[in-house]
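The sequence shown begins at 9 in my numbering and counts up by one. Just so it is clear, CB atoms sit at the ideal spot from N, CA and C, and this is done for glycine as well. These notes are about the structure you will find just below.
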Amino acid sequence: MRIKEIYIKEFGPYRDWSFTPAADGVQVIYGPNESGKTSLLEALRFLLFGKKSKAYGYGSGHLIVERDGVSYHIGRDGKKLNFYPLGKGPIAEEPSSLWWHGLDKKTYDRIFAITVDELQGADVLAEVEVRARFFGGEGGERLSTAVKDIEKASSDLLVASANGKRKINVLMERLKQVRETMANLGKHEEAYTAYQQELDGMVTTEKELTERLKEWQDYGKEVDLVLRAWDVYKRAEHAKEQMNTYAVTDLLEKDAFYELDEKITQCRNNMQLWSGKEAGLVPDNFAPDSLIGVYSQEIESLFQELGKWTQLQKECDQGRAYLKRVKAQLDVSRTLHNAWRPDAEMPAEVNWAEGESLARQLRSAQDNYLHWQKRKPVEPAELVNTNVKDEENTLKGLEAGVTAIKAAYADYEAAVANRQALGEALPTSYYRYGGMACFILAVLALMMLATGGVWVAILLVIAGGALFAYDWQYKRKHQGLYEAALHQCERQQELVAKLAQDVGFQVPQSAADVVDMEDSVKAKRAAFSNQNLVLAKIHSYEQVHSQWLAEGKELEAAGNKAMEAWQRWLPQGASRVLTDNQFFALKQEYDTYMEDVNQYKEYEKRLQEHEASLHELESRCAALWEKLELAIPVTPIELRRVYNLLKSHRQNQVRWEQKESQRRNYHEEYEQWSRQEKALLLEQAELLQKNGVATAGEYRQRLLLQDQYVQWQKVYEQSRDQLALFAPKKDSHEALYRRLKSGNKEKWQSEAERSRSEIQALEKRLAALHEKRGQVQEAMRTLSQDQAMSLALQEEQQLEGELQEALTAWATQVLVSHFMELAQMDYEKDRQPEAMANASSYLSMMTDGKYTLQLGDTASSLQAVLATGEVVPTERWSSGLGDQVYLALRLSLAKVFGERVESLPIILDDILLRFDEGRQEAALKLLAHIGATEQIFIFTCQQGTAERSDNLEGMSVYSLQG
Numbered sequence: 009m010r011i012k013e014i015y016i017k018e019f020g021p022y023r024d025w026s027f028t029p030a031a032d033g034v035q036v037i038y039g040p041n042e043s044g045k046t047s048l049l050e051a052l053r054f055l056l057f058g059k060k061s062k063a064y065g066y067g068s069g070h071l072i073v074e075r076d077g078v079s080y081h082i083g084r085d086g087k088k089l090n091f092y093p094l095g096k097g098p099i100a101e102e103p104s105s106l107w108w109h110g111l112d113k114k115t116y117d118r119i120f121a122i123t124v125d126e127l128q129g130a131d132v133l134a135e136v137e138v139r140a141r142f143f144g145g146e147g148g149e150r151l152s153t154a155v156k157d158i159e160k161a162s163s164d165l166l167v168a169s170a171n172g173k174r175k176i177n178v179l180m181e182r183l184k185q186v187r188e189t190m191a192n193l194g195k196h197e198e199a200y201t202a203y204q205q206e207l208d209g210m211v212t213t214e215k216e217l218t219e220r221l222k223e224w225q226d227y228g229k230e231v232d233l234v235l236r237a238w239d240v241y242k243r244a245e246h247a248k249e250q251m252n253t254y255a256v257t258d259l260l261e262k263d264a265f266y267e268l269d270e271k272i273t274q275c276r277n278n279m280q281l282w283s284g285k286e287a288g289l290v291p292d293n294f295a296p297d298s299l300i301g302v303y304s305q306e307i308e309s310l311f312q313e314l315g316k317w318t319q320l321q322k323e324c325d326q327g328r329a330y331l332k333r334v335k336a337q338l339d340v341s342r343t344l345h346n347a348w349r350p351d352a353e354m355p356a357e358v359n360w361a362e363g364e365s366l367a368r369q370l371r372s373a374q375d376n377y378l379h380w381q382k383r384k385p386v387e388p389a390e391l392v393n394t395n396v397k398d399e400e401n402t403l404k405g406l407e408a409g410v411t412a413i414k415a416a417y418a419d420y421e422a423a424v425a426n427r428q429a430l431g432e433a434l435p436t437s438y439y440r441y442g443g444m445a446c447f448i449l450a451v452l453a454l455m456m457l458a459t460g461g462v463w464v465a466i467l468l469v470i471a472g473g474a475l476f477a478y479d480w481q482y483k484r485k486h487q488g489l490y491e492a493a494l495h496q497c498e499r500q501q502e503l504v505a506k507l508a509q510d511v512g513f514q515v516p517q518s519a520a521d522v523v524d525m526e527d528s529v530k531a532k533r534a535a536f537s538n539q540n541l542v543l544a545k546i547h548s549y550e551q552v553h554s555q556w557l558a559e560g561k562e563l564e565a566a567g568n569k570a571m572e573a574w575q576r577w578l579p580q581g582a583s584r585v586l587t588d589n590q591f592f593a594l595k596q597e598y599d600t601y602m603e604d605v606n607q608y609k610e611y612e613k614r615l616q617e618h619e620a621s622l623h624e625l626e627s628r629c630a631a632l633w634e635k636l637e638l639a640i641p642v643t644p645i646e647l648r649r650v651y652n653l654l655k656s657h658r659q660n661q662v663r664w665e666q667k668e669s670q671r672r673n674y675h676e677e678y679e680q681w682s683r684q685e686k687a688l689l690l691e692q693a694e695l696l697q698k699n700g701v702a703t704a705g706e707y708r709q710r711l712l713l714q715d716q717y718v719q720w721q722k723v724y725e726q727s728r729d730q731l732a733l734f735a736p737k738k739d740s741h742e743a744l745y746r747r748l749k750s751g752n753k754e755k756w757q758s759e760a761e762r763s764r765s766e767i768q769a770l771e772k773r774l775a776a777l778h779e780k781r782g783q784v785q786e787a788m789r790t791l792s793q794d795q796a797m798s799l800a801l802q803e804e805q806q807l808e809g810e811l812q813e814a815l816t817a818w819a820t821q822v823l824v825s826h827f828m829e830l831a832q833m834d835y836e837k838d839r840q841p842e843a844m845a846n847a848s849s850y851l852s853m854m855t856d857g858k859y860t861l862q863l864g865d866t867a868s869s870l871q872a873v874l875a876t877g878e879v880v881p882t883e884r885w886s887s888g889l890g891d892q893v894y895l896a897l898r899l900s901l902a903k904v905f906g907e908r909v910e911s912l913p914i915i916l917d918d919i920l921l922r923f924d925e926g927r928q929e930a931a932l933k934l935l936a937h938i939g940a941t942e943q944i945f946i947f948t949c950q951q952g953t954a955e956r957s958d959n960l961e962g963m964s965v966y967s968l969q970g
């Protein structure tokens, strides 16, 4: 059966609440404390069985469940059941009776719906209903049924109630009534009554006398007991005083200590014996575990390379001396170089092809420049001392100056004309007069116009103001233009004067003066025209010279570029003043030096290899010295000395091994006794610690005191035991002890005499009373011989017989029930049913195979079993292991019930609360495994549990907080 829908109309804190679980897997419902998880568990119990909740009473709601492919509605409204298949008629029978073979709510709560408080304990196995289903498939159900039948038969005979209606209860009630009837029959006769009263008085008197007699007899016995116990009491008191003198509070374990001490002494004697035998077999000055022997192979291996080591040392010393000489020669050769600086290192590689190309380019540039210098143009002889060129330059200056004066004078005349035009065009005063007219008209408008005059006057004033402003702005602009024209005239006049002064002419005052200047210059040009042939030669020479200078600049630039490239190429360490002619000397010195350097490096490399080999041998030797714990130099001589020690060690070892076999036997005997001694010392230390004693000597001293204490204690206990024999009961013993502590022996002797005289007097009075009572009883017996009393006596005898028979049958049923219960317990213990196997498997899954489970001596006791087979009883379980065991048990019972009868939803309320994270993880995986075939609801208040569940396959997580 699986729950498909939960609807709670009203139950506890829930109102109109519904929940639809997933189709399969485990349903994890998370909610903090006080969120209603336990209330939801109570609601599901109520809806399934209809029983009243202790906390919330009745409620209402329904479940939609699926069973064998059919959906059913199980509804509750208070005590009313609403049970039917969907779409069909109602069913009057409870689901538990119809489907679950009469499973009651108590059993369901104990197995299927549990809280963390109900988890602990295996007493669920002791319940008959659970055990019957627990062993149902394996023969145990018939045994449990027989036990229940016997219990029912015994309860049919007798019930422990004052108003019980069972057979024995009825017989006892009838017997009581018959005896009451018999008593009533005796009271009808007056004579019988008189005798009865007299007899009652005698009984009272007899009772008083008997009580007094008994008191005096008891008192006499007590006094006699005190007298007989007096000497024993005194002996006990003396022993008690001696015990207080030694004041031993806790008795030490004497036999165990002396037994251990004797064994330890025996072990030490044997150890000394075997140690002496072993010492006699060890040769002098020889240790078999000497480091020389331990590392003999390494010494031997290193000694095999002694010749190599010596040769390497010799070669390394010679090589270092040779390299030192070569290094000195190389340093001297550097000082002899001309192309290389001795204070700088030569580069490892040089691009000589590029250097040679750059040297040729530099040489070519230098040759071209020298050839250019030789091709310098020669000035003609007729032009060497002539001044025609200077005259030509002067005339050109005059022509340029006159042209500039002419342009400046034209600008001056234009500026004068502009100034005169501005002076003639003076501004008029029409606008000023218009403004004044507007002001006059405004005054007239105010005076003549009553309506609107103010507005007209305002408009006229504004117009007049505008005219005055325009007139002022116009005059200001005209004045600015006139002043600018005046300044321009002055600047142009100054420019003309300066230009005329530069060319040596008078300042022109008119345009005619400028024309005269031009004519004068033209006349000079005409007079200079006879020098044109000379000027042509001069111009030809200047053109050729300019071309030569341009070619020289290009050659100079090419030479500088070639020199810069050459300087950039020069290797590190080369002289910066080298020219291209010294290229081959540079290369020759480099090649010679690098050849010597390479030979030096090659020899240096070989020396390094030799030194590495030598260092490896020395390191091995140093490591060997360290292992041998020798503080000696690492040299071949010391190695030879150590090898001699090794040969001596091997010779001693041969002699030692001849005796080693026998010595090992002696040593093994010694070790056995030594191990036994250590074990005994540990046991003795535990004994000393247990008794709070520091040393064994102190323990022996305390044992001597204890022996004396025990002797007196034994006397004391024997005396107390004798006193206990005088008065076996506790109360009488205490009374005897009080009497012995008070008074003296003479007092109790006088009390004994007095009690004997009182007892004799009371016995005489009782004898006379007994004689008279016999006479009265005989008379009463005669009066009681009638028919009614006889019938009552017969009925009393019959009822007593039937009651005895019924009691015998009831006692038989009780004994049989007890023996059947024992038989069932033995059966359950021996068979280990399927449910226990499942529980053991579940526990193994939760503990990663560390524990399994088995039944104990009783049906309700369990035992955890380690993987090693060790049984762990319940009292040694941790709280976490206990929760795991009881959870596995509940899940196994639910699984067995589902296989035998019906699969029911398993509801677990905070059962993982006391689990740590590891146990929670294992338990959730087990529940997910079971959830593949069973419907499981888990209520939890731990967010971590919900998060871990959400990460597992087959688990759905919901929250009560929405």
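Asp918 counts as buried, since at least 16 other C-beta atoms from the protein chains shown sit within 10 angstroms of its C-beta. Scanning Gln250, Ala31, Trp107, Lys262 for the CA closest to the CA of Glu706 turns up Lys262. Note: Gln785 is not bridge-paired with any residue in the DSSP secondary-structure output.
Of the candidates Ala875, Ala843, Glu624, the residue whose Cα lies closest to the Cα of Ser852 is Ala875.
As the crow flies, the alpha-carbon of Val784 is around 15 Å from that of Thr212.
Within the same chain, Cβ atoms closer than 8 Å to the Cβ of Ile413 are found at Val504, Leu507, Ala508, Val511, Phe513, Pro516, Val522, Met525, the five residues on either side in sequence being excluded. It is roughly 19 Å from the alpha-carbon of His345 to the alpha-carbon of Tyr608. For Ser886, the secondary structure class from DSSP, reduced to helix, strand or coil, is coil. Of Val642, Glu676, Leu777, the smallest CA-CA separation from Phe311 is found for Val642. Excluding the 5 residues flanking it on each side, Val231 has same chain C-beta neighbours closer than 7 Å at Trp756, Glu759, Ala760, Ser763, in chain order. By the CB criterion at 8 Å, Leu912 and Phe120 fall inside the cutoff.
Annotation for Val504: the continuous alpha helix (DSSP H) segment containing it runs 461-511.
Residues Gln580, Gly581 of the same chain have their beta carbon placed closer than 7 Å to that of Ala352, with the five preceding and five following residues left out of the count. For the 8 Å CB-CB criterion, Lys753 and Trp224 do not form a contact.
Fully enclosed alpha helix (DSSP H) runs of no fewer than 4 residues occupy 45-57 of the stretch 26-73, in order along the chain. Cβ contact annotation for Glu626 (same chain, cutoff 7 Å, sequence separation greater than five): Val642, in chain order. DSSP places Met602 within a helical segment (H, G or I) once states are collapsed to three. Ranked by Cα distance from Lys271, the options Gln716, Ile915, Lys686 are led by Lys686.
In terms of CA proximity to Lys532, Gly405 leads the group Gly405, Gln680, Glu126. One Cα belongs to Val340, the other to Asn606, and the distance between them is close to 17 Å.
For Thr343, the enclosing alpha helix (DSSP H) starts and ends at 314-343. Straight-line spacing of the CA atoms in Leu815 and Val186 works out to 19 Å. Met963 is positioned such that its CB atom lies no closer than 8 Å to that of Val124.
With a cutoff of 8 Å on beta-carbon distance, Met180 and Leu777 are scored as not near each other.
Shortest Cα-Cα distance from Glu610 to any of Asn846, Glu362, Gly327 involves Gly327. Note on geometry: alpha-carbon atoms of Leu653 and Leu636 lie some 12 Å from one another.
Straight across, the Cα-Cα distance linking Ile470 with Met455 is about 18 Å.
The C-alpha of Ser967 lies about 28 Å from the C-alpha of Gly86.
Per DSSP, reduced to three states, the secondary structure at Gly431 is helical. Beta-bridge pairing by DSSP links Gly83 to His70, Asn90.
Rounded to whole angstroms, the separation of the alpha carbons of Asn41 and Cys949 is 6 Å. Of the residues assessed, Val302 falls on the exposed side of the cut-off, its CB having fewer than 16 other CB atoms within 10 angstroms. In summary, Arg649 is exposed, with fewer than 16 beta-carbon neighbours lying within 10 Å of its beta-carbon over all protein chains present. Look at Trp348 here: in three-state DSSP terms it is strand. Within the same chain, and ignoring the five residues on either side of Gln496 in sequence, the residues whose Cβ sits closer than 7 Å to its Cβ are Ala423.
Annotation for Ala872: the continuous beta strand (DSSP E) segment containing it runs 870-874.
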